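Protein sequence lines, in the order shown, are assigned to chains A and B. Each residue of the first sequence is one higher than the last, beginning at 259 in the working numbering. Each residue of the second sequence is one higher than the last, beginning at 35 in the working numbering. From the three backbone atoms N, C-alpha and C, an ideal C-beta is built for every residue, glycine too. It should be emphasised that the depicted structure is a prediction, and the values quoted were computed from it without experimental measurement.
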Amino acid sequence: DAGVTQSPTHLIKTRGQQVTLRCSPKSGHDTVSWYQQALGQGPQFIFQYYEEEERQRGNFPDRFSGHQYPNYSSELNVNALLLGDSALYLCASSRDRANEQFFGPGTRLTVL
Amino acid sequence: AQSVAQPEDQVNVAEGNPLTVKCTYSVSGNPYLFWYVQYPNRGLQFLLKYITGDNLVKGSYGFEAEFNKSQTSFHLKKPSALVSDSALYFCAVRDRGYSTLTFGKGTMLLVSP
């Protein structure tokens with residue numbers, strides 16, 4: 259049984275560009291959450307998708323957007339990249355919104 | 035708003051000795067509490083959780099945690115540390131009315147041979 263998978267593993271972009279990160283949840287999970295982990299910090303909640311809709315959102319600007327597909331996979335899009343967006347982006351899935359979350363290995367985004 | 039504090043940036047312990055990694059929390063209602071571990075260049079791995087019931091929770095790899103409601107603490111413990119336990123440990127809290135996790139800043143555990 260595959261766990262949570264994320265792609266790509268690493269990504270380098272320049273300021274002002276746009277990026278799309280992808281996540282496939284663990285089998286049987288229908289809820290996907292995204293977190294940003296800056297260097298030396300704990301993960302910060304970006305948003306959560308359930309039934310193809312954004313259900314909750316953390317304190318992140320509208321440059322951060324997402325999508326969930328019918329197969330429960332999800333995308334995180336970041337527009338107009340800033341240097342401060344450099345971080346490890348973690349996807350977590352759960353079996354509905356109340357259960358514990360299982361994390362993927364993350365995508366390391368570097369903005370130059 | 036919910037929050038988590040991990041007061042120690044780093045904990046050093048010799049192999050074979052007991053270890054404790056501290057965590058305190060703040061939520062408006064009854065909490066769900068979690069511990070995760072992160073190895074270099076890896077995502078977070080779930081260790082254990084407290085939902086309700088016994089205040090001593092047992093988890094993966096011999097770790098356990100003690101929930102103390104009066105002190106709003108959820109300290110991670112292990113009776114005998116291994117060098118392979120060296121990693122970054124995160125405490126997280128979720129209010130029962132919400133589904134999102136709030137994490138602490140993390141504590142680096144270094145176990146020396």
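8 Å CB neighbourhood of residue i in its chain, flanking five on each side removed
i, result
"Gly138(B)", "Val38, Ala39, Gln40, Cys57, Phe124, Cys125, Ala126"
"Gly96(B)", "Lys112, Pro113, Ser114"
"Gln295(A)", "Pro301, Gln302, Ala345, Leu346, Tyr347, Leu348, Gly364"
"Asp354(A)", "Asp288, Thr289, Tyr308"
"Val45(B)", "Leu53, Thr54, Val55, Thr141, Met142, Leu143, Leu144"
Chain A within 8 Å of residue i, Cβ atoms only
i, result
"Leu116(B)", "no"
"Phe68(B)", "yes"
"Lys92(B)", "no"
"Phe97(B)", "no"
"Lys103(B)", "no"
"Phe124(B)", "yes"
Residue i - containing beta strand (DSSP E), residue span
i, result
"Thr278(A)", "277-282"
"Cys349(A)", "345-352"
"Ile85(B)", "Careful: Ile85(B) lies outside any beta strand (DSSP E) and carries neither H nor E."
"Asp129(B)", "121-129"
"Thr365(A)", "365-369"
"Val55(B)", "53-55"
"Pro65(B)", "65-72"
Residue-level contact to chain B via CB, residue i, 8 Å cutoff
i, result
"Phe360(A)", "yes"
"Pro301(A)", "yes"
"Gly324(A)", "no"
"Gln294(A)", "no"
"Ser331(A)", "no"
"Pro328(A)", "no"
"Ser351(A)", "no"
"Gln276(A)", "no"
Residue i CB to nearest heavy atom of the ligand FAD below 7 Å
i, result
"Ser331(A)", "As far as ligands go, the structure on display features none, and thus does not contain the ligand FAD."
Beta-carbon spacing of residue i, residue j below 8 Å
i, j, result
"Gly362(A)", "Val277(A)", "no"
"Asp129(B)", "Ser60(B)", "no"
"Leu264(A)", "Arg280(A)", "The displayed chain sequence assigns Gln, not Leu, to residue 264(A). Yes, these two residues count as a Cβ contact at 8 Å."
Close-in-space but distant-in-sequence residues of the same chain around residue i (CB under 7 Å, 5 per side omitted)
i, result
"Ser323(A)", "Asn335"
"Leu340(A)", "Arg273, Val369"
"Tyr330(A)", "Pro283, His287, Asp288, Val290"
Cut-off 6 Å between Cβ atoms - residues of its own chain near residue i, not counting five sequence neighbours on either side
i, result
"Gly50(B)", "Ser114"
Beta-carbon separation (whole angstroms), residue i vs residue j, contact threshold 8 Å
i, j, result
"Ser94(B)", "Leu81(B)", "5 Å"
"Ala99(B)", "Phe108(B)", "6 Å"
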